[in-house]
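Worksheet: the structure to be examined is printed underneath.
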Amino acid sequence: MPRLHVVSDVHGRADALATAGDGADGLVVLGDLLLYLDYADPTQGILADLLGAQAGAEFAALRKEHRFGDLRSIGAQLSQVDDLPGAVTEAAREQYAELFGLMPTPAYCTYGNVDMPALWPEFVDDKHRMFDAEVVEIGGWRFGFVGGWPRKILPAAQPVTRAPRIPPIPFGADFSPAEFAAKVESLGPVDVLCSHVPPAVPELRWDTVTRRPEVASEALLEAIHTHQPRYALFGHVHQPLQQRLRIGRTECVNVGHFRATGKPFVLEW
């Protein structure tokens with residue numbers, strides 16, 4: 001009986017990642033390996049490393065209180081960092097080196113919204129494989145992978161003249177809804193649909209702590225209705241209103257916030 005362990009939202013949890021594949025035939029990683037900021041401990045993460053623990057704590061508090069306008073204070077500090085994109089990229093490279101160095105094999109990986117897929121070729125190999133808009137057969141089942149996230153398209157408005165709250169960070173994992181939908185459509189019928197973001201189902205995308213709907217994909221939901229895979233596996237929402245539900249014959253499962261739990265989701269067939 002094949003057995004896979006599935007994780008998402010690793011966010012720097014190297015210790016647990018090292019043993020996440022114990023007892024399994026392989027590990028599936030659904031993205032967000034990087035730790036930009038730990039909201040439970042804001043002294044950890046790239047932002048805290050660049051600006052210090054106090055700035056990390058301030059950023060976490062403002063985000064939790066939905067005081068997004070006040071984030072300009074953090075943005076101003078980030079703007080003073082010499083070569084911000086380069087500094088973030090090097091910090092991400094250090095995290096990836098540790099995580100991929102400890103990751104069990106074989107591993108079937110795709111990336112999340114807080115990842116830098118451009119760096120992954122430095123670390124993936126024939127045992128740590130990266131998939132995006134690709135299908136791979138594992139144990140006789142077809143697994144389809146879609147990486148990244150569909151960015152929000154804001155309605156047309158007057159030009160914004162004020163400075164951005166936070167300088168752009170070079171993650172490079174976002175796509176227009178049309179681009180993301182094209183990736184999903186390219187998979188065709190699969191047994192297991194693997195993505196970082198959930199399908200656009202209210203119960204699956206609502207985070208009970210941030211008290212808002214997180215980014216989700218209409219294209220993933222359409223693929224589930226059309227092809228009825230056995231499973232749709234995803235992460236992204238750390239504290240979901242509902243962790244799993246069924247759509248037709250498809251079991252939709254949020255595999256969990258791995259940084260918090262340290263436990264993989266077990267898939268056997």
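Just so you know, we're using the UniProt record's numbering here: the sequence shown kicks off at 1 and counts up by one.
Glycine included, C-beta positions come from ideal geometry on N, C-alpha and C.
What you are looking at is a predicted structure, and each value in this text was computed from that prediction instead of being measured.
When the options are compared against residue i, the one with the closest alpha-carbon
| i | options | result |
| --- | --- | --- |
| W219 | T250, L241, A182 | Checking the sequence, you will find Ala at residue 219 rather than Trp. The shortest C-alpha separation from A219 is found at A182. |
| L119 | R93, V136, W141 | R93 |
| R212 | P240, P189, R151 | P240 |
| L204 | L267, G172, G256, S186 | G256 |
| L97 | A14, T19, D25 | As written in the sequence, residue 97 is Ala, which differs from the Leu given in the question. Nearest C-alpha to A97: A14. |
| E222 | Q95, F171, P199 | P199 |
| N113 | H128, A216, L99 | A216 |
| E90 | V135, M116, G140 | M116 |
| P229 | V135, D207, F171 | V135 |
| A40 | G248, A53, S195 | A53 |
| T226 | W206, T250, H236 | T250 |
Residues sharing a beta bridge with residue i, DSSP
| i | result |
| --- | --- |
| N254 | F234 |
| R129 | Y108 |
| G139 | Paired residues: none, contrary to the question. |
| G26 | L4 |
| S186 | Per DSSP, none; premise fails for S186. |
Same chain only: Cβ atoms within 8 Å of residue i, ignoring 5 sequence neighbours per side
| i | result |
| --- | --- |
| A55 | L47, A48, I74, Q77 |
| V160 | Legend: pLDDT at V160 = 46, less than 50; position of this residue unreliable, value from coordinates given subsequently. Taken in chain order, the list of residues that qualify is empty. |
| Q158 | Residue confidence for Q158 is low, a pLDDT of 46 falling below 50, so the modelled location carries little weight; the figure read from the coordinates is stated next. Correct list: empty, nothing qualifies. |
Close-in-space but distant-in-sequence residues of the same chain around residue i (CB under 6 Å, 5 per side omitted)
| i | result |
| --- | --- |
| V253 | L233, R244 |
| V209 | Q239 |
| M130 | C109, W120, V124 |
| V28 | L4, V6, Y108 |
| M1 | E268 |
| E179 | none |
| L51 | Q77 |
| T105 | K127 |
Proximal residues to residue i (C-beta, below 7 Å), its chain only, five neighbours per side dropped
| i | result |
| --- | --- |
| L37 | G45, L47, A48, G56, F59, A60 |
| A24 | R3, L4, H5 |
| D174 | N113, G148, W149, R151 |
Expected contact under 8 Å - CB spacing of residue i and residue j to nearest Å
| i | j | result |
| --- | --- | --- |
| G144 | V190 | 4 Å |
| residue 272 | M103 | This structure cannot settle anything about residue 272, because the visible part of the chain is limited to 1 through 269. |
| I224 | L187 | Contact flag wrong, Cβ pair sits at about 12 Å. |
| G262 | I138 | The pair is not a contact, with the Cβ atoms about 23 Å apart (cut-off 8 Å). |
Contact between the region 3-11 and the region 83-91 (3+ Cβ pairs under 8 Å): These segments do not touch.
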